[in-house]
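Single-structure report; data block below.
Residue numbers (the UniProt record's numbering): 1 to 138.
Okay, structure coming up:
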């Protein structure tokens with residue numbers, strides 16, 4: 001079992017990978033590699049930063065309500081990642097368009113939607129496991 005700090009780092013990587021893979025599946029890889037890196041790197045950094053900031057809010061409640069709250073927080077995480085990435089890519093307009101673009105990626109491709117769902121399920125499971133009480137030995 002991972003420690004809290006390891007789970008926090010791993011959850012940040014899961015969020016970044018989820019958003020990066022969904023963006024690639026929805027938009028494809030542009031012919032110019034530099035454009036791909038310039039758009040993907042801020043998205044990965046934004047997702048990792050958003051996950052790092054929101055991680056302490058996850059898994060606060062048990063049961064179905066807790067999972068629903070975590071799912072809502074995951075959507076907020078994706079929007080926050082888009083906000084960070086949009087600001088890095090195009091300050092001003094990108095700050096407004098970034099969250100809309102990241103939240104609309106699942107609508108552009110069924111594979112991107114599947115990646116979003118799998119990433120959310122894995123990320124939420126990881127965060128809930130990191131917060132689970134550890135049984136006492138003995």
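For each residue, glycine too, the CB sits at the ideal point set by N, CA and C.
Query: Contact between the segment 41 to 53 and the segment 70 to 89 (3+ Cβ pairs under 8 Å); Result: yes
Query: Own chain residues within Cβ distance below 8 Å of residue 89, not counting five before or after; Result: 38, 39, 42, 98
Query: Alpha helix (DSSP H) segment containing residue 104, residue limits; Result: 93 to 108
Query: Which listed residue (60, 25, 11) has its alpha carbon closest to that of residue 114; Result: 25
Query: Pair within 9 Å by beta-carbon distance, residue 70 and residue 127; Result: yes
Query: 7 Å CB neighbourhood of residue 57 in its chain, flanking five on each side removed; Result: 73
Query: Whole-number beta carbon distance between residue 59 and residue 66, since they are thought to touch under 8 Å; Result: 7 Å
Query: Per-residue DSSP class, three states only, for residue 8; Result: helix
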